[in-house]
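K.L.:
Per our numbering, residue 1153 is the first one in the sequence shown, and the count goes up by one each step.
Cβ coordinates follow ideal geometry from the N, Cα and C atoms, glycine included.
Before we start, here is the structure in question, set down as structure tokens.
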Amino acid sequence: MNTRLAASLAAAVLAFTATNLAQAAQVSGAIGATGQGDMTYRIGMSFDWDKKWLESNTGFVTGYWDAAYTYWEGGDFSGAHSLSFSPVFTYEFSGFTYTPYIEAGIGLAAFSKTDVGNQQLGSSVNFEDRIGFGLKLPGEQKIGLRVMHYSNAGINQPNDGIESYSLFYSKGF
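Written out as structure tokens, the structure is:
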């Protein structure tokens, strides 16, 4: 990965984190697998937007900022690393003891190299698309499943893209 690019992304994430510490923060961990069977390990920090839109008897739209580090096992290849940052929209359903929600977001991820497992990403900076669902539990906890897709949207070739299917847990503080 371009060292300047990685340093710039890390500085942006740290600056954002420092300016948003007053918001509700959560630390998360996830374990997953790619479509090719390689493991992924993700640790992140998110900050709730503390806003609600489209409130109804069914629920409401809200969201959070998510910054994360992911280690991608490479099977026979050496592993890769990525730093990512995404805005994520959630729809929280009302009227449940444990609040179910769905989420979707598109952000950016910077990879340490362009080959991850058997996939050729074509560039070290890629889009991070996600969909998922989960439950909000007592004590500012969440658990759920998430699918994340990374690709450069055809900007550079080859653009195989890669997915991670993961189980996640987060805890607020």
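1) Work out the CA separation of Lys1288 and Ser1246 for me, nearest whole Å.
2) Do the segment 1304-1319 and the segment 1186-1198 meet, that is, are 3 or more Cβ pairs less than 8 angstroms apart?
3) Ordered along the chain, which non-local residues of its own chain (more than five positions away) have a Cβ less than 6 angstroms from that of Gly1184?
4) Counting only the same chain and skipping the five closest in sequence on each side, list residues whose C-beta sits under 8 angstroms from that of Asn1172.
5) So Ser1236 and Ala1220 are supposed to be a Cβ contact under 8 angstroms. How far apart are they, rounded?
6) Should Ser1180 go down as buried or exposed, given a rule of 16 or more other Cβ atoms within 10 Å for buried?
7) On the premise that Glu1280 lies in contact with Thr1250, defined as a C-beta separation below 8 angstroms, what is that separation, rounded to the nearest angstrom?
8) Output the boundary residues of the beta strand (DSSP E) element that contains Asp1200.
P.N.:
Taking the definition as stated:
1) In the sequence shown, the residue the question calls residue 1246 occupies position 94. In the sequence shown, the residue the question calls residue 1288 occupies position 136. Distance between the alpha carbons of Ser1246 and Lys1288 is about 11 angstroms.
2) yes
3) In the sequence shown, the residue the question calls residue 1184 occupies position 32. If we look at Gly1184 and ignore the five residues flanking it on each side, its Cβ neighbours are Thr1192, Ser1316, Tyr1317, Ser1318.
4) Counted from its first residue, the sequence shown places residue 1172 at position 20. Reliability of the predicted coordinates at Asn1172 is poor, the pLDDT of 48 falling under 50, and no value is obtained from them.
5) Walking along the sequence shown from the start, residue 1236 turns up at place 84. Walking along the sequence shown from the start, residue 1220 turns up at place 68. Yes, Ser1236 and Ala1220 are in contact; Cβ-Cβ is about 5 angstroms, under 8 angstroms.
6) Looking up residue 1180 in the sequence shown gives position 28. Its Cβ being crowded by 16 or more others within 10 Å, Ser1180 is buried.
7) On the sequence shown, residue 1250 is found 98 positions in, with the first residue counted as 1. On the sequence shown, residue 1280 is found 128 positions in, with the first residue counted as 1. In the sequence as presented, Thr is not what sits at residue 1250; that position holds Tyr. Actually they are not in contact, since the Cβ atoms of Tyr1250 and Glu1280 sit about 27 angstroms apart, beyond 8 angstroms.
8) Position 48 of the sequence shown, counting from 1, holds the residue named residue 1200. Where Asp1200 is concerned, the enclosing beta strand (DSSP E) stretches over 1191-1200.
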